[in-house]
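Working notes, beginning with the structure itself.
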């Protein structure tokens, strides 16, 4: 099975390139134009990504994330989200990698089959890295006003977190 997977990507690339050449498409020119477009998009979104990643690192290094976690944990417990998942709730809209690290730590600490581990896993799959996605897509499209999008996306994240906690509690409470 792994040999088939190893050859599938080169085979697909070979087939697409061969088909394009048969149709008279300048494959090298198309690849060069695509790379140039990719570099222009990168130049537009790079400042946003650098600012976002720097801000996340500053929040974690300063201890502000820990303080916000301690303040938010009791409120989350009242709406059905385990208090241990508070760092995940705070970090997920900003950083997928950071949230994945927090989720892995929660599963290592509490166990993957614990209520906290299951809730964290469902939360990771039912929410989005809102600020990262907006930075990348809005930067690529040149959109500068995303106020209503941000509000709607954060409300969707909150809804996803609540639904994840409730469904994990309901499905795994047996």
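Residue numbers (the numbering used here): 728 to 901. For every residue, glycine included, the Cβ atom is placed at its ideal position computed from N, Cα and C.
Where residue i falls: helix, strand or coil (DSSP)
i, result
"residue 781", "helix"
"residue 736", "helix"
"residue 750", "coil"
"residue 899", "coil"
"residue 871", "coil"
"residue 808", "coil"
Opening and closing residue of the alpha helix (DSSP H) in which residue i lies
i, result
"residue 867", "857 to 868"
"residue 805", "791 to 805"
Exposure label - residue i; buried when at least 16 CB within 10 Å
i, result
"residue 797", "exposed"
"residue 846", "buried"
"residue 741", "exposed"
"residue 819", "buried"
"residue 743", "exposed"
"residue 761", "exposed"
"residue 748", "exposed"
"residue 861", "buried"
"residue 766", "exposed"
Residue i CB to nearest heavy atom of the ligand NAD below 7 Å
i, result
"residue 800", "Here there are no bound small molecules, and the ligand NAD is not part of this structure."
contact_flag[the region 885 to 893, the region 839 to 857] where n(CB pairs < 8 Å) is 3 or more: yes
Any alpha helix (DSSP H) of 4 or more consecutive residues that is wholly inside the region 816 to 858: 823 to 837, 842 to 852
The region 869 to 879 in contact with the region 831 to 846 per 3-pair CB rule at 8 Å: no
Cβ contact (3+ pairs, closer than 8 Å) linking the region 800 to 807 and the region 773 to 791: no
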